[in-house]
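Chains as they are written, first to last, in the working numbering: chain A, 1 to 81; chain B, 82 to 162; chain C, 163 to 312; chain D, 313 to 462.
Below you'll find the structure, written out as structure tokens, and then a few comments.
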Amino acid sequence: MKVTVKFFAILRERVGAAEITKELSDGSTVADLWRALKEEYPKLAPIETRLLYAVNQNYVKPDHALKDRDEVVFIPPVSGG
Amino acid sequence: MKVTVKFFAILRERVGAAEITKELSDGSTVADLWRALKEEYPKLAPIETRLLYAVNQNYVKPDHALKDRDEVVFIPPVSGG
Amino acid sequence: MFRVVRTPLDIHELVRYVTEASAGAITTFIGTTRNNNEGRKVIALDYDAYPEMAEKELRRIGDDAKKKWNIERMAIVHRIGPVQIAEASVMIAVSAAHRDDAFQACRFAIEEIKKTVPIWKKEVFEGGEVWIGTQTGQPLSEADLRQRSS
Amino acid sequence: MFRVVRTPLDIHELVRYVTEASAGAITTFIGTTRNNNEGRKVIALDYDAYPEMAEKELRRIGDDAKKKWNIERMAIVHRIGPVQIAEASVMIAVSAAHRDDAFQACRFAIEEIKKTVPIWKKEVFEGGEVWIGTQTGQPLSEADLRQRSS
């Protein structure tokens, strides 16, 4: 399956892209995707512990199973306002 | 001595004037002035218990002694905002 | 900026006045004429004031707020005369470095206005009119009064 | 009205939106760029957002506020992109029949925005820039997260 990953704020700067498509094996979770991204973009590792996870614009837990064409966003601590 | 009395809100309606000049004997207090006004304008009596008193734009107590040319205002419960 | 005026109020004017480079937060309060009160259908409010003393009391509220909270600027403008449904009778704006001060000072200002500023509203409703406060209002306590007249 | 925009914010627009004949109180909060933060001289803030989800979370805040307080209308607009000193990054307006509800709901909204809405600010200061929150911020608790993802 393929998922879209969008990057914002510090993650976009670390990755150097606003959006990528990622091929994953069926049954992959959000945590699996994050592990794969860290291998591809080692600069992502230092901010790992403070992330939240959104799939199709809803917050989910890291063990959430992904489906084909999901939109995944990793959310560092927010600072709006 | 002479003092100026300004009337606002319900008091102006009861008195039918926005401002009057009142001749008082020396040593008169705010309470004395109010008693004199009540005689002149009996419609003032019902609202007496809830009044505050201002002389020259400062709140004072009813036993405050008036001086010539003071500006006196009787203040019913405020309701701004 | 502490004023009693007869013209419609403009929230931009107050916000502009309190805007400061050193402030991160601005709070405002706007009091508007509500179309109902205690079961009566309200047509309009008609405000009267003792203007010189009212402005003096508004300034006193600003001074007190500055002593209590770490705020940058405060503006209060109260309209008098007739104020139609959904129109604003009072606007308050407060700026502060941090939002907690701005919220608390703004709330303080409107509560004080309703207690000590010589402004009165007459409610014009379907079937009559009444000066609000005169029937039911409580005057300042002796303690408040001592403080005020000191 | 719950929006994420790239253009300067207008307090009139929000106030007009929440104005209601049945409301007697409007509160607003405006967050502005402060010229200093933790001893740094700030030049500007630069906001980024996940816009679709941010607007969804802003709406969720409005829905939660309506459940908690007796309010009429709420508007929240957050600006993204560069926001210069003294310019507004966020504006909230709330109308209610009575002021206590308006104040509480407005305060609730800004606190929630800072906790759950996917918007981030980069502080551009003399000598560098930093994404605020990333260094020191706490993520949502497990309890918060459960609530959010339900």
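All residues carry an ideal CB built from backbone N, CA and C; glycine is no exception.
query	result
Would valine 279/C pass as a contact of leucine 176/C if the rule is Cβ separation under 8 Å?	no
Hey, isoleucine 192/C and alanine 250/C are a contact pair by Cβ (cut 8 Å); roughly how many whole angstroms apart?	5 Å
Taking contact to mean at least 3 C-beta pairs separated by less than 8 Å, is the stretch 143–150 of chain B in contact with the stretch 98–117 of chain B?	yes
At least one CB of chain D closer than 8 Å to the CB of isoleucine 173/C: is that the case?	yes
Under 8 Å Cβ-Cβ, which residues of chain D neighbour glycine 186/C?	Gly343, Thr344, Thr345 and Arg346
Rounded to a whole number of angstroms, what is the C-alpha to C-alpha distance between serine 184/C and glutamate 234/C?	8 Å
Using a threshold of 8 Å, state whether the C-beta atoms of tryptophan 293/C and aspartate 263/C are closer than that.	no
Tell me, please, whether the CB atom of isoleucine 20/A is closer than 8 Å to any CB atom in chain D?	no
Compute the Euclidean distance between the alpha carbons of glycine 278/D and alanine 216/C, then round it to the nearest angstrom.	A query on residue 278/D cannot be resolved here, the shown segment of chain D reaching from 313 to 462 and no further.
Any Cβ of chain C within less than 8 Å of the Cβ of arginine 460/D?	Unreliable placement is indicated for arginine 460/D, whose pLDDT of 49 sits below 50; the coordinate value is still reported in the next sentence. Not one chain C Cβ lies under 8 Å of arginine 460/D.
Please list, in chain order, all residues of the same chain as isoleucine 323/D whose beta carbon is under 7 Å from its beta carbon, the five residues on each side excluded.	Thr340, Ile342 and Met403
Within 8 Å (strictly less), CB to CB, does valine 402/D reach chain A?	yes
Compare the C-beta of tyrosine 179/C with all C-beta atoms of chain B and state if any pair is closer than 8 Å.	no
With a threshold of 8 Å between beta-carbons, can valine 78/A be considered close to chain F, or not?	The structure shown contains no chain F; its protein chains are A, B, C and D.
Go to glycine 224/C, then tell me how far its alpha helix (DSSP H) extends in each direction, as first and last residue.	213–230
What's the C-alpha gap between glutamate 13/A and isoleucine 47/A?	12 Å
Answer yes or no: does any C-beta atom of chain D fall closer than 8 Å to that of glutamate 314/C?	The structure shown does not extend to residue 314/C, since chain C spans only 163 to 312, so no value can be given for it.
What are the boundary residues of the alpha helix (DSSP H) that lysine 119/B is part of?	111–121
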